[in-house]
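Structure first, commentary second.
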Amino acid sequence: MNPLVLAALAVVAFVQVAECILLVSSAGALTLGTLTVSGVTGAGLLAGGAAVGALLLGKAALLAAANNRKRETADCLPFKNAELYFQLAANGDFLSCGRRFVCELEATPKDKLANEEQLLLGLFGSSASAQNGTARGAFVEAGAIGINEGVVGCARAFESCPFDRKTIFLAFQAAQKSQ
Numbered sequence: 002m003n004p005l006v007l008a009a010l011a012v013v014a015f016v017q018v019a020e021c022i023l024l025v026s027s028a029g030a031l032t033l034g035t036l037t038v039s040g041v042t043g044a045g046l047l048a049g050g051a052a053v054g055a056l057l058l059g060k061a062a063l064l065a066a067a068n069n070r071k072r073e074t075a076d077c078l079p080f081k082n083a084e085l086y087f088q089l090a091a092n093g094d095f096l097s098c099g100r101r102f103v104c105e106l107e108a109t110p111k112d113k114l115a116n117e118e119q120l121l122l123g124l125f126g127s128s129a130s131a132q133n134g135t136a137r138g139a140f141v142e143a144g145a146i147g148i149n150e151g152v153v154g155c156a157r158a159f160e161s162c163p164f165d166r167k168t169i170f171l172a173f174q175a176a177q178k179s180q
């Protein structure tokens, strides 16, 4: 497939995943609830929140493929290929905040996770198999780090991301509420 066509399709899908709703003040700081961050880290936070949205769409596409006889909301997704959503999440994850989110998600006790976070667990947990060379495989590997090394291991493995799971999830929720 033509790379330009593929890029255009990815942009169309990404627009449906996340909208930029964060306000930048004249000082160049980003305010999200009670959290204020600077420009580069704010972009990383936005990318992490968008990655969470893309991962949820990837989960929906996987469920649609597994249950192809039933009509569900996943049937309304613009693309049925789940790997495309994982690729969107991976491509926008320039500070590795999406992978850190998945890592810390796996390291956190399940009773302390929000419903949306629990939905993602089946994609990256010990039951998921890593597919080397795929975008989904990168997130599965991040989940394995969380299972084996805990939250401290996640912070060490993805030190380029200055945000923890809760902060990234708050950015995702704020983006969802604004739509």
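Using this note's numbering, you'd call the opening residue of the sequence shown number 2 and step up by one each time.
Just so you know, even glycine gets a beta-carbon here, dropped at the ideal spot from N, CA and C.
Under three-state DSSP, which class holds residue i?
i	result
Asn133	coil
Thr168	helix
Ala83	helix
Ala139	helix
Ala176	helix
Gly93	coil
Ala115	coil
Glu150	helix
Glu160	coil
Can you tell me the Cα-Cα spacing of residue i and residue j, whole angstroms?
i	j	result
Phe164	Phe102	9 Å
Glu118	Ala156	18 Å
Phe87	Lys178	23 Å
Gly151	Thr109	8 Å
Ser97	Asn116	23 Å
Arg166	Gly93	17 Å
Asn133	Phe170	27 Å
Ser161	Thr168	15 Å
Val141	Ile148	11 Å
Leu85	Phe95	17 Å
By Cβ distance, which residues of its chain are closer than 7 Å to residue i, with the 5 residues on each side in sequence left out?
i	result
Ala91	Ala136, Ala139
Ile146	Cys104, Gly154, Cys155, Ala158
I'd like the list of long-range same chain contacts for residue i, defined as Cβ closer than 8 Å, with 5 residues on each side in sequence excluded.
i	result
Leu122	Leu106, Glu107, Lys111, Leu114
Which residues in the same chain as residue i place their Cβ atom closer than 6 Å to its Cβ, once the five residues preceding and following it in sequence are excluded?
i	result
Lys143	Reading off the sequence shown, one finds Ala at residue 143, where the question assumed Lys. Contacts found: Arg100, Val103, Cys104.
Gln174	none
Is it the case that the CB of residue i approaches a heavy atom of the ligand ADP more closely than 7 Å?
i	result
Ser179	As presented, the structure is devoid of all ligands, the ligand ADP included, so that no description of it is given.
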